């Protein structure tokens, strides 16, 4: 417990760095939010009035101080574009992004791990090269391009996938919010129509993400499997006459999964920050698409809120990975 | 275990039986609209309320009056010349023409069931002025400038006193800004710092319009539900309207084509051009000219080289109009070039000018102006209008290169665009402007008057222009008015602070089963009139 | 890393061989592209707008009537230029800071590690977006943004490698021979950490191209009418649904091929440098 606290304290300077850099960066944006939000027909006086209202006429340092003191009070500001408080926007949108990312990861793992095992059991065979080429091709595709292609083929041409217009079919009402994850919420409500409708919406965008992260997962599985397969205890197990399947799945894979887990954590935090483009293509109401729009509108508060929440998640996730590591492999102590 | 299984099976059967019928019913009375952006506020008076939020005001609130309708291009079009009753049953203009007295509908109710009174109207009009910024400006455009002008005579009588005789006063009360708010409800949610309940009304409605806002997820969707007690007009046929935000244009098109969405009115012109030729016949594209609006190429008249009128004329001869028309507008616009050279024949606006693509002439003019070898400049446009502006910019750049003019294209993101317009230092730029109130002098005031309004991005100043605009504003003699309008249009065509390229059209695509679409000046759809078969 | 080993690795791993050949082709395209391209990439009279691939326009034409084949070829130089400059910048800055930090430790190490951690805590693509949005839409700024978000990777690799070697025997020997610290860093440590850094460079090149393309896709990258793969895919994206698939597909495919090639090369280099670490 003490160690966790220490780790969090150590992450504090990074968070401060993130807050300062984001603040400076957003203020350096060329747009004039006052001019933007004063509306189309604003006179210079009206713009000046909006500027005062937004506090943008005060010195930079003063603005920063009031931003930080608001943050300390738990007030992350208000998005000018949607008129909602940044906290409530993030609360509504973060589950959407998390659900998409997690679903994508589950898809990726369920494909990448078998592929990695396949490659590891036949090193340097055609299978191995094939897996490598396939996963590398996946990571080489720009996600926005993959997304568009999938929409074209599976929705427009074949009609298999539902319309890429958000988290749930427009005519199915979304389940009452408990966790914000539609899959979980519809299970809680026992609403199977909503469950099926939200899973259907998830498949294409999650597939796009999964394709992109196949490579690191499959490779890590392969490498770690290769290491485990050449280790002594596997040789012993084989020698003692266990079937190859039992050796492979019960002994080798279980031991090989630890590094895969670490990779998974890294991939997750990377994905969450970079599925911005996928969200845009699939009209996914997540935090990424929100960040892009706010950035273009020079809407400071949501950009700051987005970056800060991502940084917090990053810190927490790293801590979790470390904890999982020590828990799975007690030989590694959690260092301060 | 078996209990669980039973329950699950039962539920599945129930779903299988009940769902299709229910879903079909819901679909028939629900309209699904997909657009690029949705409202950012439920209150049109809020600071920074965007265009889609005008649509919320239009549906969730009533005005005292509305406009009549006519038909243009086979599409229902609002009629600017005819005012029709909405919350007001009738009205009477005083003999001296200096005030108007409205009689309110006695049966009209707000969504919470309370009756609409003259006090609510007075509060709403006062609020539009007090909120400052855009709503205040819009009220002042109709010479509605002081709260003392508005008087609640009795519960159902409301009077507006005029400061001067202004032809814009009456129509200005039928635009979305003077919407009627439920003053009692709003005041309950007001605070000492926020007497007009701005914070609460941004996220809640207090109106009595034909539709209630059932749910609003900013940036995602807004759902309207019919207000069954609406008395200000015929009850809408639709029970629900879902307006979803789908940022990708390609996706919006796919949704419409596959019949998953009923309607969309934000798509690149190319898609509209193709959809309107669709042979399958399941889709309907309605196209109407956007009045009092222009796509144009503007130039800064205060800095070289564009401070030389010959340079500006040279550019006007270098614009590849035809190419722009086919490759940027895909024919979804009205041509404004290649007319008869010289003064305009009528006072119709937007007007056709006499310039044409003529590179030889352009080169000659440029040489006369002292730039035989061209120059370097920056060509800017608003990223938010990129679907049309970007191809226009690329085509113009290519054409200018033939004159030796090296133009660097500068895409300006939305927030920056407004700031750039205020700074007035872009040398040459592509933009679009439309005026709500359909009078040419209104357009010219905003764009060319020397008092330097925001949209005079060229920094154009000409006393002759000012005089003509000001005279036309309060002109009562139709003949003189025509002469003044022609006068300032001709002045624009010779001085060329901007080169009109085309008049935009408003395209809407919908399924064949949707009818009742009508064009409004605020370019938002009016679901009160729409029905599905 | 002799020729024999090189040949052996290629034989063991034909995919890497393919990647090296592909890379060679891309380099040739980048150098001789303007000589090969049948049309001026900006010429809007190469054909009718939006014509499908034909004998005249191999990859078809875009909405302006520009030849997509020529544009794809010409874009090679710009895309490789962006990726190469970005990676070079982060390589030079990142490895010098990382080396110094790993070698000397102390406050330099602490500060630089903090900086790297802070950058890593950002959602990287959004940081790049922010930088380009704040500094302006130019090729130069896309390069800087890409360089900044890649910086921590180089700093970390260089730091770790330098740290391991700082007490190695040959360094001690060099020190005893009277070499100055900076000289040891430059002459003895840096060349030794170059191989692992090259793997990072190659993998990063692909990432840099993807990053630039992503920025262009949301309108924050290279300016029109410049030919660049990402911008071409973005432009073509709107035409996919209407059936004009070639506008996005060809630049998209070439973009993918380039990234693919860099990724495979990175793997291949890793094999060449350290066969045991192959994953």
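Chains as they are written, first to last, in our numbering: chain A, 2 to 337; chain B, 776 to 1308; chain C, 3 to 281.
Heads up, the beta-carbon is just placed ideally off N, CA and C, and yes, glycines get one too.
Predicted, not measured: the structure shown is a model, and the values here were computed from it.
- Here the alpha carbons of residue 1037 of chain B and residue 919 of chain B stand approximately 39 Å from one another.
- Our two residues, residue 138 of chain A and residue 1026 of chain B, have alpha carbons roughly 25 Å apart in a direct line.
- Between residue 271 of chain A and residue 288 of chain A, the gap from beta carbon to beta carbon reaches 8 Å or more.
- A straight line joining the alpha-carbon of residue 156 of chain C with that of residue 194 of chain C spans about 15 Å.
- For residue 216 of chain C, the uninterrupted alpha helix (DSSP H) segment begins and ends at 192-219.
- Along the stretch 120-134 of chain A, going in chain order, the ones with a CB nearer than 8 Å to a CB of chain C are 125, 130, 133 and 134.
- Residue 204 of chain C has its alpha-carbon roughly 8 Å from the corresponding atom of residue 271 of chain C.
- Close partners of residue 119 of chain C in chain A (Cβ separation under 9 Å): 12, 14, 15 and 18.
- With a threshold of 8 Å between beta carbons, residue 1091 of chain B makes no contact with chain C.
- Membership of residue 168 of chain C in any beta strand (DSSP E) is not indicated, and neither H nor E is assigned to it by DSSP.
- Out of B:884, B:812, B:1110 and B:1111, the CA that lies nearest to the CA of residue 994 of chain B is found in B:812.
- With fewer than 16 neighbouring CB atoms inside 10 Å of its own CB, residue 142 of chain C falls in the exposed class.
- With a contact defined as Cβ atoms closer than 8 Å, residue 1186 of chain B and residue 221 of chain C qualify at about 6 Å.
- The stretch 1211-1264 of chain B is shown to contain whole alpha helix (DSSP H) runs of 4 or more residues at 1215-1223 and 1238-1248, in chain order.
- Excluding its 5 nearest sequence neighbours in each direction, residue 1228 of chain B has C-beta neighbours in its own chain below 8 Å: 1220, 1221 and 1222, listed in chain order.
- Only those residues of the stretch 1152-1175 of chain B whose C-beta falls short of 9 Å from the nearest C-beta of chain C are listed: 1158, 1161, 1162, 1165, 1166, 1168, 1169, 1170, 1172 and 1173.
- Residue 183 of chain A counts as buried, since no fewer than 16 other beta carbons sit within 10 angstroms of its beta carbon.
- Collapsing the DSSP output to three states places residue 33 of chain A in coil.
- With 16 or more other CB atoms across the displayed protein chains lying within 10 angstroms of its CB, residue 1046 of chain B is buried.
- In the displayed model, residue 1108 of chain B falls within a strand according to three-state DSSP.
- Within chain C, no residue has its beta carbon less than 9 Å from that of residue 118 of chain A; the closest one is some 14 Å off.
- When rounded, the separation of the alpha-carbon atoms in residue 66 of chain C and residue 52 of chain C is 8 Å.
- In this structure, residue 1129 of chain B lies away from residue 1145 of chain B, with their beta-carbon atoms at least 8 Å apart.
- Per the coordinates, the alpha-carbon of residue 110 of chain C lies some 27 Å from the alpha-carbon of residue 127 of chain C.
- Counted as a single uninterrupted DSSP element, the alpha helix (DSSP H) harbouring residue 1030 of chain B occupies residues 1024-1032.
- Residue-level contact check: residue 992 of chain B does not touch chain C, since none of the beta carbons of chain C fall below 8 Å from its beta carbon.
- In its chain, beyond the 5 residues on either side, 892 and 893 have a beta carbon closer than 7 Å to the beta carbon of residue 930 of chain B.
- Inter-segment contact for the stretch 31-50 of chain C and the stretch 59-75 of chain C is present: three or more beta-carbon pairs are separated by less than 8 Å.
- DSSP places residue 180 of chain A in the coil class of the three-state scheme, outside both helix and strand.
- Annotation for residue 137 of chain C: 143 place their beta carbon closer than 6 Å to its own, counting only its chain and skipping 5 residues before and after.
- Chain-order list of chain B residues neighbouring residue 51 of chain C: 1102, by C-beta distance under 7 Å.
- Residue-level contact check: residue 966 of chain B does not touch chain A, since none of the beta carbons of chain A fall below 8 Å from its beta carbon.
- Along the stretch 252-264 of chain C, the positions whose C-beta sits under 7 Å from a C-beta of chain A are 254, 257, 258, 261 and 262, read in chain order.
- Chain-order list of chain B residues neighbouring residue 281 of chain A: 1022 and 1023, by C-beta distance under 9 Å.
- Nearest neighbour of residue 24 of chain A by Cα position, chosen from A:16, A:268 and A:65, turns out to be A:65.
- Ranked by Cα distance from residue 1004 of chain B, the options B:1096, B:887, B:1104 and B:965 are led by B:887.
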